[in-house]
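**Q**
Protein chains in written order, with my numbering: chain F, 617 to 846; chain C, 617 to 846.
#1: Along the segment 705-728 of chain F, where does the CB come closer than 8 Å to a CB of chain C? Name the residues.
#2: Pull up the distance between the alpha-carbon of residue 655/C and that of residue 629/F, whole angstroms please.
#3: Would you kindly work out how many angstroms separate the C-alpha atoms of residue 633/F and residue 676/F, rounded to a whole number?
#4: With which residues is residue 743/F paired in a DSSP beta bridge?
#5: If you count every other CB in all the chains shown that lies within 10 Å of the CB of residue 751/C, and 16 or more means buried, which is it?
#6: Considering Cα atoms alone, identify which of 651/F, 769/F, 773/F and 737/F is closest to residue 722/F.
#7: If I'm right that residue 731/F touches residue 792/F with Cβ under 8 Å, what's the distance once you round it to whole angstroms?
#8: Using alpha carbons as the reference points, say which of 688/C, 781/C, 829/C and 834/C lies closest to residue 817/C.
#9: Use the C-beta contact count for residue 659/C: other C-beta atoms within 10 angstroms, 16 or more gives buried, fewer gives exposed.
#10: Going by DSSP in three states, residue 664/C sits in which element: helix, strand or coil?
#11: Quick test of your reading: residue 763/C and residue 711/C, contact by CB under 8 Å. State the CB separation rounded to the nearest angstrom.
#12: Where does the unbroken beta strand (DSSP E) through residue 781/F begin, and where does it stop?
#13: Go through its chain and collect everything with a Cβ distance to residue 695/F's Cβ below 6 Å, but skip five positions before and after it.
#14: Could you tell me whether the Cβ of residue 662/F comes closer than 8 Å to any Cβ of chain C?
#15: Taking DSSP as the reference, what is the three-state secondary structure of residue 696/F?
#16: Using a beta-carbon distance cut-off of less than 9 Å, what residues from the segment 673-694 of chain C approach chain F?
#17: Identify which residue in 779/F, 714/F, 794/F and 640/F has its Cα closest to the Cα of residue 661/F.
#18: With a 10 Å radius around its C-beta and 16 neighbouring C-beta atoms as the bar for buried, classify residue 685/C as buried or exposed.
#19: At a Cβ cut of 8 Å, what residues of the segment 743-760 of chain C count as close to chain F, listed as they run along the chain?
#20: If contact means a Cβ-Cβ distance below 9 Å, which residues of the segment 769-788 of chain F contact chain C?
#21: Using a 10 Å radius around the Cβ and a threshold of 16 neighbouring Cβ atoms, would you call residue 652/F buried or exposed?
#22: Quick check: the Cα distance between residue 700/F and residue 726/F, rounded to an integer number of angstroms?
#23: Which residues mark the beginning and the end of the alpha helix (DSSP H) in which residue 641/F is found?
#24: Return helix, strand or coil for residue 865/F, following the three-state DSSP convention.
#25: I'd like to confirm the pairing. Which residues does DSSP put opposite residue 648/F in its beta bridges?
#26: Suppose you measure from the CA of residue 689/F to the CA of residue 667/F; what does that come to, to the nearest Å?
#27: Can you tell me whether residue 765/C is buried or exposed, with buried defined as 16 or more other CB within 10 angstroms of its CB?
#28: If you follow the alpha helix (DSSP H) that residue 844/F is part of, which residue opens it and which one closes it?
#29: Residue 704/F by DSSP, collapsed to three states: which one?
#30: By the 10 Å Cβ neighbour count, where 16 or more other Cβ atoms means buried, how is residue 646/C classified, buried or exposed?
#31: Taking only beta-carbon atoms, is residue 666/C less than 8 Å away from chain F?
#32: What does residue 797/F pair with, by DSSP beta-bridge criteria?
#33: Closest by CA to residue 728/C, which one among 745/C, 740/C, 739/C and 720/C?
#34: Among residues of its own chain, excluding the 5 on either side of residue 786/C, which ones have a beta-carbon nearer than 6 Å to its beta-carbon?
#35: From residue 811/F to residue 842/F, what distance separates their C-alpha atoms?
#36: Which residues in the same chain as residue 779/C place their Cβ atom closer than 8 Å to its Cβ, once the five residues preceding and following it in sequence are excluded?
Laid out in structure tokens, this is it:
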């Protein structure tokens, strides 16, 4: 009641007050050896914007972020990680929560056994093949977890068959919504300030017009608020 | 004569006035597919500092930089590249020059055939092995080039046998000097503001004390000025 009264005074609706949110953002870096790693292209802009938008609506937000160069959003707790396994551990440690939004571009694979010392180039010898191992699927783990949040939302970065791949991902991961976007280099979405997503839910899908990543974040935060109060 | 007169007036010695320098800096990113890449850890701080220090001594500097998040140094021409092959092309295009300082952490290997579309994870299937191909050796190419600069200087990022590996590199690459440093994670050099290097030349080697990367840059620029005027 007090919170509502203050909200009324301030004129800012805080529909997510008292709700806990987990957001992942950025890429993961998977070490090959002390100086080399495999990375995903991800600026963290969309994930950080979503964390900020949820916090503005009153949610208590834990942002689990891979290596990014953008500033921490205001009003959220940031947990910094590097590898996918670290990201999974940090997300599970943040449960229980009311909503989880998995925006990070998690590497599907890590190097099976990262070298402790720098792998030397041997002149004239073929380079060593990189043996890869599958990384934990964080979205799927959360989507099927005993302490599954009421709302689980994932992102799908695709370069082809965006809708079909997104819908298949929704089912497989146990997610409520997938925001699918086309990250082909020609779109300029990766690293850019704007985004164009397709929201895929169990009841159907809708195309959102191209807008700033901040606007995508605000629209998604409003949807989350509506779903959690329903 | 006019330049010397102005120098006298300003009180700033510009011993590299009229000299051309090429500096490489930062990592290279080698694409696996549109969203994934192999990278080296390199902030670009040391390379950018060297480019700035050479410019302060009057050199006309071309800085060929991989993807970094630090600002361009004042007074240098910056050529931005992503892959090792692009870096080699940009360096060769900047020849002839009086000195080349190769600081970039160039990926030794690239992915043999980068995929045009995002490689999909197939649940239950083993990840595809990554076939690697050797990247061009930019330092060696410049060290043996018909238009070889009078002074060719390379960096060696090592995690073991720093001196031996550095000396072997000097011979193999046709360089005049190698600055070898120990980039083991425990040293904090990678990404940090300080550096501790061993200067390896044909006549012997000397250990420089730990100092700021700016100070390493100034000391190296002074050495270059002395050698080029000798």
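Glycine included, every Cβ here is placed at the ideal spot set by N, Cα and C.
**A** By the coordinates alone:
#1: Under the 8 Å Cβ criterion, the segment 705-728 of chain F contributes 721, 723, 724 and 725.
#2: Going from the Cα of residue 655/C to the Cα of residue 629/F covers about 44 Å.
#3: Straight-line measurement puts the Cα of residue 676/F at about 8 Å from the Cα of residue 633/F.
#4: In the DSSP output, where bridge partners are listed per residue, residue 743/F has none listed.
#5: Buried, by the Cβ-count rule.
#6: The option with the nearest alpha carbon to residue 722/F is 773/F.
#7: Wrong, their Cβ atoms sit about 41 Å apart, outside the cutoff.
#8: The alpha carbon of residue 817/C has as its nearest neighbour, out of 688/C, 781/C, 829/C and 834/C, the alpha carbon of 781/C.
#9: Residue environment analysis places residue 659/C among the buried positions, since at least 16 neighbouring C-beta atoms fall within 10 angstroms of its C-beta.
#10: Three-state DSSP puts residue 664/C in a helix.
#11: Between residue 763/C and residue 711/C, the beta carbon gap of about 5 Å places them in contact (Cβ cut-off 8 Å).
#12: First-last for residue 781/F: 778-789, but that is the alpha helix (DSSP H), not the beta strand (DSSP E).
#13: Result list for residue 695/F: 680 and 706, in chain order.
#14: Judged by the 8 Å Cβ criterion, residue 662/F is not in contact with chain C.
#15: Correct three-state label for residue 696/F: strand.
#16: Within the segment 673-694 of chain C, the residues whose Cβ lies closer than 9 Å to some Cβ of chain F are 685, listed in chain order.
#17: Checked all of 779/F, 714/F, 794/F and 640/F; the closest Cα to residue 661/F is 640/F.
#18: Residue 685/C is exposed by the Cβ-count criterion.
#19: Cβ contacts with chain F come from 743, 744, 745, 746, 747, 748, 749 and 750.
#20: Of all residues in the segment 769-788 of chain F, the ones placed with a Cβ closer than 9 Å to any Cβ belonging to chain C are 773, 774, 775, 776, 781 and 788, in chain order.
#21: Buried, because 16 or more other Cβ atoms sit within 10 Å of the Cβ of residue 652/F.
#22: Going from the Cα of residue 700/F to the Cα of residue 726/F covers about 8 Å.
#23: Counted as a single uninterrupted DSSP element, the stretch harbouring residue 641/F is not any alpha helix (DSSP H) but the beta strand (DSSP E) occupying residues 636-641.
#24: Examination of residue 865/F is not possible in this model, given that chain F is present from 617 through 846 alone.
#25: DSSP lists no partner for residue 648/F.
#26: Near 7 Å, if we compare the C-alpha coordinates of residue 667/F and residue 689/F.
#27: Classification of residue 765/C: buried, given that the 10 Å Cβ count is 16 or more.
#28: Taken as a continuous stretch (DSSP letters only), the alpha helix (DSSP H) holding residue 844/F covers 829-845.
#29: Reduced to three states, the DSSP call for residue 704/F is helix.
#30: By the 10 Å Cβ count, residue 646/C comes out buried.
#31: Residue 666/C is outside the set of residues whose beta carbon lies under 8 Å from a beta carbon in chain F.
#32: Per DSSP, 773/F and 813/F.
#33: Ranking 745/C, 740/C, 739/C and 720/C by Cα distance to residue 728/C puts 745/C first.
#34: Exclusion of the five residues before and after residue 786/C leaves 794 and 816 as the residues of its chain whose Cβ lies within less than 6 Å of its Cβ.
#35: Cα to Cα, the separation comes out at about 22 Å.
#36: The beta carbon of residue 779/C sits closer than 8 Å to those of 796, 814, 816 and 821, all from its chain and outside the five residues before and after it, given in chain order.
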